[in-house]
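Have a look at the structure below before the remarks.
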Amino acid sequence: MRIRKWLGNALTFLMAVAFFTVAGSVVLSKASGGEPNFYGYQLKTVLSGSMEPSIPTGSVAAIKPGGDMTRFTVGDVITFRSNDDKLITHRIVEVTHDEQSGQVLYRTKGDNNGAADSDPVNPANVTGVYTGFNVPYIGYVLSFAGTKTGNVALLIIPGLLLFLYALVSLWKAIAGLEDKKPDPNKTQPDAKAS
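The sequence shown begins at 834 in the working numbering and counts up by one.
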């Protein structure tokens, strides 16, 4: 029984450390004005179903930025900026070269789309490669957290709940102290009597 309690406490501690490490990393990168990232991987929210079932709608996908953006081959999933400055994550279905400049171009397609994207992707527009790791449904939470209602729900309400919890704990502690006070009207037993 004692081992189970110790293991439960250790697991709770490790989960809390992991949570605060991830949350702290994301908050610090967001506060500095950058993309949310975790140890060199950018965290992107996927809000369309174009890559299902590989990347479900509402997921947070880990993207590895940097490196030589001409290194990708057919089958790689890349994140790139489209002509209208949206970030898109699609799979490369063809690697071609520009006839005049000889520059590499990528033809991409969402796994769930019927046809390839109309415009080829210039490697200069590629921001990173999908690592194969995603967490389903967390993207909905992050998207909600970016709204004013989300800020209230995720910052103010937990703060109020923590404050109320502290008040209840303090009230219980004070009530416990009052219960332990000796009654001055009650006679104490004589320690010498047998």
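The beta-carbon is built from N, C-alpha and C at its ideal position, and this holds for glycine as well.
Leaving out five residues on either side along the sequence, give the residues of the same chain with a beta carbon under 8 angstroms from the beta carbon of residue i.
i	result
Y973	G891
H930	Q936, V937 and L938
A948	K942
T982	none
Determine the DSSP secondary structure at residue i, reduced to helix, strand or coil.
i	result
Y998	helix
T980	coil
N955	coil
V974	helix
L840	helix
L880	coil
G1009	helix
G947	coil
G873	coil
If residue i and residue j are in contact, beta carbons under 8 angstroms, what's the gap, nearest whole angstrom?
i	j	result
P898	T960	6 angstroms
S976	T878	6 angstroms
I896	V954	Wrong, their Cβ atoms sit about 15 angstroms apart, outside the cutoff.
V968	V893	5 angstroms
Residues in its own chain within less than 7 angstroms of residue i by CB, not counting five upstream and five downstream?
i	result
S915	I921
N946	S883
F913	I921, V954, N958, V959 and T960
L997	none
Keeping to the same chain, check which residues put their C-beta closer than 6 angstroms to that of residue i; ignore five residues upstream and five downstream.
i	result
M902	P956 and V959
D1012	none
Query - Three or more C-beta pairs below 8 angstroms linking the stretch 907–924 and the stretch 939–954 - result: The stretch 907–924 makes contact with the stretch 939–954, as at least three CB pairs between them are under 8 angstroms.
Report task. Quick one: which unbroken beta strand (DSSP E) runs of 3-plus residues sit fully inside the stretch 887–944? Chain order, please. Result -> 893–898, 910–914, 920–930 and 937–942
Query raised in the report: Is the stretch 883–890 touching the stretch 914–923 in the sense that three or more CB pairs, one from each, lie closer than 8 angstroms?
Result: yes
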